Amino acid sequence: MEILYFLIAIISTIIGSAAGIGGGVIIKPALDALSKYSLPTVNLLSSSTIFIMSIVTVFYQLKKKNKINSKNTIIVAIGSIIGGVIGQKIMTLLTYSRININIINNVQSVMLTIFLLIVFIYMKNKSNIKTYNINNITLIGLIGLFLGAISAFLGIGGGPMNVAAFTILFSMSANEAARNSIIVIFFSQGSKILSIALTTGFSNYKLEMLPIMLIGGILGGIIGYRLNKSVSEKNIVKVFNTVLIAIVILNVYNIFK
58 MEILYFLIAI ISTIIGSAAG IGGGVIIKPA LDALSKYSLP TVNLLSSSTI
108 FIMSIVTVFY QLKKKNKINS KNTIIVAIGS IIGGVIGQKI MTLLTYSRIN
158 INIINNVQSV MLTIFLLIVF IYMKNKSNIK TYNINNITLI GLIGLFLGAI
208 SAFLGIGGGP MNVAAFTILF SMSANEAARN SIIVIFFSQG SKILSIALTT
258 GFSNYKLEML PIMLIGGILG GIIGYRLNKS VSEKNIVKVF NTVLIAIVIL
308 NVYNIFK
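Residue numbers (the numbering used here): 58 to 314.
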């Protein structure tokens with residue numbers, strides 16, 4: 058079983074780091090399909106794995122001085138920190154409410170499926186869609202807050218939404234958007250994990266698979282970063298779109314299983 062969780066972590070984070078989707082959109086539905094852990098534990102395993110991956114990737118980005126849109130990305134990241142805390146608070150309130158946990162899980166799967174389909178349609182038609190270069194600080198911060206809240210609530214890094222937002226709103230290329238997306242994931246997931254540590258703590262979570270998944274996340278971050286630098290823009294988009302469709306299918310399975 059440990060090997061399976063390691064493979065889920067490393068494959069997800071390789072793809073996530075290379076294409077900027079983080080990996081949580083793969084890890085979360087994959088763990089849901091296994092039905093071994095509760096929803097809060099699945100969310101934390103997913104968030105922790107992509108957080109450690111983002112640390113590795115951001116380290117390499119800083120070391121290599123890769124091109125990032127520092128102003129916009131930092132503002133989005135600050136907004137995502139606040140959003141990450143809000144999203145986790147909502148998740149905690151729902152978890153401890155009288156609402157059936159399976160209903161909450163299905164709502165997450167439906168929301169994720171809808172968001173991914175929207176992103177997929179955009180990526181397939183982005184050459185025909187007008188892009189912008191937003192400079193309003195307040196608006197940029199609100200975008201970050203929304204992305205952080207949604208990703209924290211869904212238990213994912215929010216990478217696909219980040220990449221789409223960066224390409225539409227800031228006119229970035231797919232490769233540049235992927236690199237900037239990982240930075241936002243670092244801040245949003247870090248704030249979510251810190252929020253858990255300072256409120257409920259980790260005693261109610263079953264985390265025996267966390268160490269092996271963190272190892273997978275570290276290796277995935279290293280390999281994925283190198284792929285992002287060596288793979289063409291066209292191939293990054295192909296990987297991105299293929300993964301989106303696979304995740305949508307897996308989410309539909311989780312809804313009706």
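Beta carbons: idealized from backbone N, C-alpha and C, even for Gly.
Keep in mind the model is a prediction, meaning the values are calculated, not measured.
### Rounded Cβ spacing between Leu88 and Leu102 (contact assumed at less than 8 angstroms)
6 angstroms
### Query
Which residues in the same chain have their Cβ closer than 7 angstroms to the Cβ of Ile304, if we skip the five residues on either side of it in sequence?
Around Ile304: Val82, Ile83, Pro86, Leu173.
### Message
For Ala90 and Gly212, I'd like the C-alpha separation in whole angstroms.
### Response
14 angstroms
### Task
Using three-state DSSP, classify Lys263 as helix, strand or coil.
coil
### Message
Looking at the secondary structure, which residues open and close the alpha helix (DSSP H) in which Tyr310 lies?
### Response
Residue range 290-313 is occupied by the alpha helix (DSSP H) that includes Tyr310.
### Message
Closer than 8 angstroms is the cut-off here; do at least three beta carbon pairs connect the stretch 131-144 with the stretch 203-223?
### Response
yes
### Message
I need the DSSP call for Thr114, collapsed to helix, strand or coil.
### Response
helix
### Query
Nearest to Thr130 by alpha carbon, out of Met110, Ala235, Leu284?
Ala235
### Query
Can you list the alpha helix (DSSP H) stretches of 4 or more residues lying completely in the stretch 99-164, in chain order?
127-152
### Message
Can you find the residues in the same chain that come closer than 6 angstroms, C-beta to C-beta, to Met148, ignoring five residues on each side of it along the sequence?
### Response
Phe210
### Task
Using a threshold of 8 angstroms, state whether the C-beta atoms of Ile225 and Tyr189 are closer than that.
yes
#### Entry: Coarse secondary structure for Met270, derived from DSSP in three states
helix
### Query
For Met266, which option in Ser127, Gly73, Ser105 has the closest C-alpha, if you only look at C-alpha atoms?
Ser105
### Task
Output the boundary residues of the alpha helix (DSSP H) element that contains Met218.
216-226
#### Entry: Pairwise C-alpha distance: Asn298 and Gly281
16 angstroms
#### Entry: Inter-residue CB distance, Ser252 and Val142 (contact presumed, cutoff 8 angstroms)
5 angstroms
### Task
State yes or no: is the C-beta of Ile312 within less than 8 angstroms of the C-beta of Ser166?
yes
### Query
Distance, Cα to Cα, Ile306 vs Leu169?
CA-to-CA, the gap between Ile306 and Leu169 works out to about 11 angstroms.
### Same chain, Cβ closer than 7 angstroms to Asn232, neighbours up to 5 away in sequence not counted
Asn285, Glu290, Ile293
### Pair within 8 angstroms by beta-carbon distance, Ser245 and Gly216
no
### Query
Roughly how many whole angstroms lie between the Cα atoms of Leu255 and Gly144?
15 angstroms
#### Entry: Spatially closest choice to Leu61 from Ser74, Ala75, Ile78, Lys93, by CA coordinates
Lys93
### Query
What residue range is occupied by the uninterrupted alpha helix (DSSP H) comprising Lys249?
231-255
### Message
Less than 8 angstroms between the C-beta atoms of Thr98 and Lys249, yes or no?
### Response
Between Thr98 and Lys249, the C-beta gap is not smaller than 8 angstroms, which leaves the two residues out of contact.
### Message
DSSP three-state label for Lys93, please.
### Response
coil
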